[in-house]
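Quick note: the sequence shown uses the working numbering, first residue 75, plus one each step. The beta carbon of each residue, even a glycine, is placed where N, CA and C say it ideally should be.
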Amino acid sequence: MNPKTSDGRFKSVYPPLVSGAVFGELAVVSVERRGLVRVQCSCNAPAHLVMDYNLRNGRTTRCNICAKKQAGYRRKSFYKYAAVCPDDAHRRRLMNRLSACKNRCHSPADRGYANYGGRGITLYEPWHTDRAAWLRYVMTLDGWDKPELDLDRIDVNKGYEPNNLRFVTRAENQRNRRSVQDMQKHIDELKAEVAKLMEAKK
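See below:
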């Protein structure tokens, strides 16, 4: 409950909105009209209007530019990846690559599962939980900082694991995919095995 003044009125618990008053990173420039206050952020961004209620109760403490930077910093700190890869664009791109690898190898709902997890291609187990380890490893590979390059498995019959990854051009990646002949050969081998099993049952 707000304390009362000597004349019996309730005293406001909020600081007065006067020119020069500071709320977080914001300094009051002027009170424009009821409910709105013009403030200047400590980053020297252009003065802007805010709601006096939000300013008084601490909901607004910095300009939008500073708020976005702070939110981004907190996200980086929370996931503990900024220390490994400080550049936000590179970090986000590499983490997206990891998510794509994990989905196609371990999620039957993924449209690429049949060609990856469905035939035994897996993601290196430690990288499932230690994403920082993934970042540290891929950043040792040539071309990791070139967004135009694809992440490729050197041996297409092995998984996403140490010593089997590289960054290559899209053309090189396409050439390294399993050929139709290889796939057909595998199908023929499976058919032959099924035929043998059927014959053994007779």
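Cβ-Cβ distance between residue i and residue j below 7 Å
i           : j           : result
residue 242 : residue 216 : no
residue 139 : residue 119 : yes
residue 224 : residue 247 : yes
Cβ shell of residue i (< 8 Å), same chain only, five flanking positions each side left out
i           : result
residue 200 : 207
residue 214 : none
Environment of residue i [buried if 16+ CB atoms lie within 10 Å]
i           : result
residue 94  : exposed
residue 271 : exposed
residue 197 : buried
residue 100 : buried
residue 268 : exposed
residue 244 : exposed
residue 262 : exposed
residue 176 : buried
residue 240 : buried
residue 151 : Bear in mind that a pLDDT of 46 at residue 151, under 50, signals an unreliable position, so the number given afterwards is only what the model happens to contain. Exposed.
Own chain partners of residue i with C-beta closer than 7 Å, once the 5 adjacent residues on each side are dropped
i           : result
residue 186 : 178
residue 103 : 93, 112, 113, 114, 121
residue 238 : 227, 228, 229, 232
residue 135 : 97, 98, 99, 100
residue 158 : 206, 209, 210
residue 154 : 206
residue 137 : 115, 117, 119, 122
residue 235 : 198
Beta-carbon proximity list for residue i, same chain, < 6 Å, skipping 5 on both sides
i           : result
residue 123 : 110, 112
residue 191 : 179, 180
residue 222 : none
residue 172 : 208
residue 106 : 112
residue 255 : Low per-residue confidence applies at residue 255: pLDDT is 47, beneath 50, and the placement is therefore not dependable enough to give any value.
residue 183 : none
Bridge partner(s) assigned by DSSP for residue i
i           : result
residue 28  : Within the shown structure, residues of the chain are numbered from 75 to 276, placing residue 28 beyond reach of any answer.
residue 115 : 100
residue 124 : 111
>> Would the stretch 122-132 count as touching the stretch 157-166 if we require 3 or more Cβ pairs under 8 Å?
In response: no
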